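Q: Supplied in structure tokens, the structure appears directly below.
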Amino acid sequence: MISKYVPASLWLLSFFAMPCLCQPAPDAQQQVETHLREAHRLLSENKPAAAIPEFKAVIALDPSNIDAHGNLGVLLFFQGNYTAAVPELREALRRKPDLWKIQALLGMGERRLGENVAARTDLEASFPQLQEQKIRIESGLELIEIYTAAEEMDKAATVVSTLRNLDPENQEVLYAAYRIHSDMAREAILSLSLVAPKSALMYQAAAHEAARRGDTAGAIQDYRQALKINPKQPGLHYELAEMLNSLPPTSTAHAEAQSEYEAALAQNPFDEKADLKLAEIATHGNDKKKAYDLYAKAVQLQPDDPAANYELAKVLLNMDEPEKAEKLLEHAVQLDPTNAIVHFRLATVYHRLKRNADADHEADEYQKYKALKEKLRDTWKDLHFDPEKPDMYGGDQEK
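Residues -19 to -1, 1 to 380 in mature numbering (1 follows the signal peptide of the UniProt record, and there is no 0) are what the sequence shown lists, from first letter to last.
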């Protein structure tokens, strides 16, 4: 992994003279400096193999030279000669313990030699101190593999969270996060099945898994069983309503879904998501006042929910109040800038308010993010991947 993503040059020490207790004789010191200059010249010309004998010559003349030990260790590591690299890296670190890059590479070398305890110690010590982003990411990925092998998923999750903050679009980090959290989910549901096999929470977890697999009927059955065991379990009524709402539309399914949303809201008057769903039902039933009241309540409960802002803005537009809708849509765009339909709706508002330049800009943003979403859908189709459900505005139309 390491040599593929981070070039050896990032790990090398700069050419510097380190004071030591035993300086070589003047003639020997001149030879040391000559060999070091030649080694670094060869490195600058991208000739690492030719630089290795020069660093070895320095060590023969001056066994305390940190530059030579460290850089020789780096070059040997990237040749795949870990057995020879590790002692050189250790010697450099022994003489200067704050060489964090060297310590990280030492940990990687130790891991490749099966010295897992030493590898973990060195990577754990160096990882928080590393400054270069690429090196920190590679070291973190190595540390994640160590934690995963030891089944210490909480520690792996902490490291991957740090890496995602460093580079949110790094595909290796994203995949590591996916694997870690998938493993943690499996571990958690297994533990739950052992400690509480017949609990409402176990059936709720089983319902989540069934829904993830696309088994809507199985999910509904598990949610109902969970409610029989504990009708007051938080989230159950809402989640069952969502499953019922995903069924082909019939009057029975519609009525049952509405009843479950209402039960969720009765259980928790601050359930903003249930408010939104009941407002949507009221809109379909042409009960404009009820829809407005519920959407307004949702915005009051969660003022930074882009869906609530967007839906209330739609109601206000139907009430011919574009100025009020404008503020809500602008806030929704700030909260969710990649959502195409919000840009589309804001463009229509700007047109109504004669803000043509702003309207054109929002129309361009709409086209950009719509194209991106379509490209993603093509990718998901190629991968036979169904990313849960359409997003929270997925059912809206550009009209």
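Where is the CB? At the ideal position from N, CA and C, for every residue including glycine.
Just so we're clear, the structure is a prediction, and the values are computed from it rather than from any experiment.
The alpha helix (DSSP H) that contains L310, what's its start and end?
A: Unbroken alpha helix (DSSP H) run through L310: P303 to L316.
Q: Shortest alpha-carbon distance to L353 belongs to which of L(-10), E69 and P318?
A: When only C-alpha atoms are compared, the closest one is P318.
Q: Taking the straight line between their C-alpha atoms, what separation do you get for L74 and A49?
A: The alpha-carbon atoms of L74 and A49 are separated by roughly 12 Å.
Q: Out of E153, D286 and D103, state which residue places its alpha-carbon closest to the alpha-carbon of L316.
A: Looking at the Cα atoms, D286 is the closest of the given residues.
Q: For R101, which residues of its own chain have a beta-carbon under 7 Å away from its beta-carbon, when the five flanking residues on both sides are left out?
A: Correct list, in chain order: I127.
Q: Evaluate F251 with the Cβ neighbour count: other Cβ atoms within 10 Å of its Cβ, from every protein chain shown; 16 or more gives buried, anything less gives exposed.
A: F251 should be labelled exposed.
Q: Just checking my contact of A263 with Y242 at CB under 8 Å: how many whole Å lie between their CB atoms?
A: Going by Cβ atoms, the distance from A263 to Y242 rounds to 11 Å, so no, they are not a contact pair.
Q: Assign K209 to buried or exposed, taking buried as 16 or more other Cβ atoms, counted over all protein chains shown, within 10 Å of its Cβ.
A: That one is exposed.
Q: Assuming the contact rule is C-beta atoms closer than 8 Å, R22 and Y63 should be a hit. Round their C-beta distance to whole Å, please.
A: Not confirmed; about 27 Å, so no contact.
Q: The alpha helix (DSSP H) with A272 in it runs from where to where?
A: Taken as a continuous stretch (DSSP letters only), the alpha helix (DSSP H) holding A272 covers K269 to L282.
Q: Measuring only the C-alpha atoms, how far is Q12 from L42?
A: Cα-Cα distance, rounded: 8 Å.
Q: Start and end of the alpha helix (DSSP H) containing K213?
A: Run containing K213: none; DSSP gives neither H nor E here.
Q: Start and end of the alpha helix (DSSP H) containing S120?
A: Residues Q114 to A130.
Q: Rounded to the nearest angstrom, what separates S227 and V67 at their Cα positions?
A: Each residue's alpha carbon lies about 58 Å from the other.
Q: Assign R18 to buried or exposed, taking buried as 16 or more other Cβ atoms, counted over all protein chains shown, within 10 Å of its Cβ.
A: So R18 ends up on the exposed side.
Q: Considering only their Cβ atoms, is the gap separating L257 from A306 smaller than 8 Å?
A: Not in contact: A306 and L257 (Cβ atoms no closer than 8 Å).
Q: Is D345 helix, strand or coil when you go by DSSP?
A: Helix.
Q: State the Cα-Cα distance for the pair R326 and L310, rounded to the nearest angstrom.
A: One C-alpha to the other measures close to 8 Å.
Q: Would a C-beta distance cut-off of 8 Å place A186 and I170 closer than the cut-off?
A: In this structure, I170 lies closer than 8 Å to A186 by Cβ.
Q: Look at A244 and H265 and say whether their C-beta atoms are less than 8 Å apart.
A: No, Cβ-Cβ distance for A244 and H265 is not below 8 Å.
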